[in-house]
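Per the numbering used here, the sequence shown starts with residue 172, numbered consecutively.
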Amino acid sequence: MNNFKAIWFCLFVLIVFYIYGAAMLDGFQAYPLYYIAGKSDKWIEYKNMANRLALPIAAPSILWTLICIPLIWLRPPAVPKITVWLSIILIWASEIITTKMAWPIHGQLAISYSDTLVDKLLFIDRWYRKVPQTINLFLVLYMLFCVTKKSFSVENAS
């Protein structure tokens, strides 16, 4: 059972880092490029392709919650339960903001380009999505620290 818990925790850490990295790439590279691509007569084609390419980024987001919730019971003993609960809350905050605020803007942008919509998307992404994601990343780093600290203390005891 301990190996299963260790693998589950590692999978959680991997998913968090993947989603955080993908979200950073999307927010700091892809979205600003909308200003350039939006001026093109190929905007709708570009946006539809960008939406299809976003699937590998968005799909693991569903796994995020599904992997985090069992951590309440499967977390390493060194990881405080409250950190897992906080992580779940931050994940949900990011996901709710994404579905309620960002997706509707993407839907509007898929119909026609607007600098105002891109400005709004960037603001929502940087302040309402990135903040909980960044806090969650540091929370996961703290979880890793707890596990590592415990591991080193066991190693030094022998």
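Backbone N, C-alpha and C define an ideal beta-carbon position, used for all residues, glycine too.
Please state whether the Cβ-Cβ distance between residue i and residue j is less than 8 Å.
i: alanine 249; j: lysine 321; result: yes
i: isoleucine 276; j: leucine 292; result: yes
i: valine 289; j: tyrosine 206; result: yes
i: proline 231; j: tyrosine 202; result: no
How would you label residue i, buried or exposed, when you count the other beta carbons within 10 angstroms and need 16 or more for buried?
i: lysine 218; result: buried
i: isoleucine 253; result: exposed
i: proline 303; result: buried
i: aspartate 212; result: exposed
i: serine 283; result: exposed
i: leucine 182; result: exposed
Kindly indicate which residue of the options has the alpha-carbon position closest to the one of residue i.
i: tyrosine 313; options: Arg297, Ala281, Trp298, Pro247; result: Pro247
i: asparagine 174; options: Ile260, Leu245, Thr287; result: Leu245
i: isoleucine 178; options: Pro241, Lys252, Trp263, Ile295; result: Pro241
i: serine 285; options: Ser265, Ala208, Ile295; result: Ala208
i: isoleucine 238; options: Asn222, Ile295, Ser283, Ile262; result: Ile262
i: threonine 236; options: Pro227, Lys210, Ser265; result: Ser265
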